[in-house]
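A.B. asks:
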Amino acid sequence: MSALRLVAQVEYGEFSGYDNLYVRYALSFGHDWTVLHGLETGLSQMARRSGSGGEAVWNFPIDVALKSTCAFGWPRLALSVYAVDALGRDAVVGYASVLVPPTPGPHAQWVYTYAPKASSILQRVRGWIAGAYPEFFDPKLVARSEGREVTRVQRRGRVRVSLTVMTR
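Residues 0 to 167, numbered by numbering that gives the first Met the number 0, are exactly what the sequence shown covers, in order.
In structure tokens form, the structure reads like this:
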């Protein structure tokens, strides 16, 4: 049996053209994994971009302990970044997925986000008018390989994530 403790922080994101941003996280893992402590999903506070650099600072802590009988389905952290538009609607800005490092110790990395693209010009115009942009039904889809091969996406920004992994 293996045990894993993840202490992570979604530090900040760089997204030009977006403000009032917040992050949702969801852990995705195999069937043998069980959460012992902490939350499998979470939601950060809303942050405004600061200065000319355009960084939205969350400093969003994540603390989860998991156990498993095998390493198959090693955990991934699925991130969804949302913005609130001028009419108060939540709109997805980008999705990203981070593999929890299999080696113990501190790790820091940039995670590039992407968002689904409308498949036609008509759908793009309709989404712009209605404020209903394409988004994934299941935010954990970005952490899995099946079902994504035909999805058209565009890069949106990046998020700085620090992870500290402890194994036993």
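Idealized CB from N, CA, C, for every residue including glycine.
Measure the CB-CB distance between residue 161 and residue 107 and report whether it falls below 9 angstroms.
C.D. replies: yes
A.B. asks: Going by beta-carbon coordinates alone, are residue 114 and residue 91 separated by less than 9 angstroms?
C.D. replies: Yes, the pair counts as a contact, with Cβ atoms nearer than the cut-off.
A.B. asks: Name the one or two DSSP bridge partners that residue 13 has.
C.D. replies: 54, 157
A.B. asks: Assuming residue 35 contacts residue 64 (C-beta within less than 8 angstroms), just tell me the rounded distance between them.
C.D. replies: Indeed they touch by this definition, with Cβ atoms about 4 angstroms apart.
A.B. asks: Which partner residues of residue 36 appear in the DSSP bridge assignment?
C.D. replies: 64
A.B. asks: What's the call for residue 102, buried or exposed, on a 16-neighbour Cβ count within 10 Å?
C.D. replies: exposed
A.B. asks: Between 32, 60, 94, which has its C-alpha nearest residue 68's C-alpha?
C.D. replies: 32
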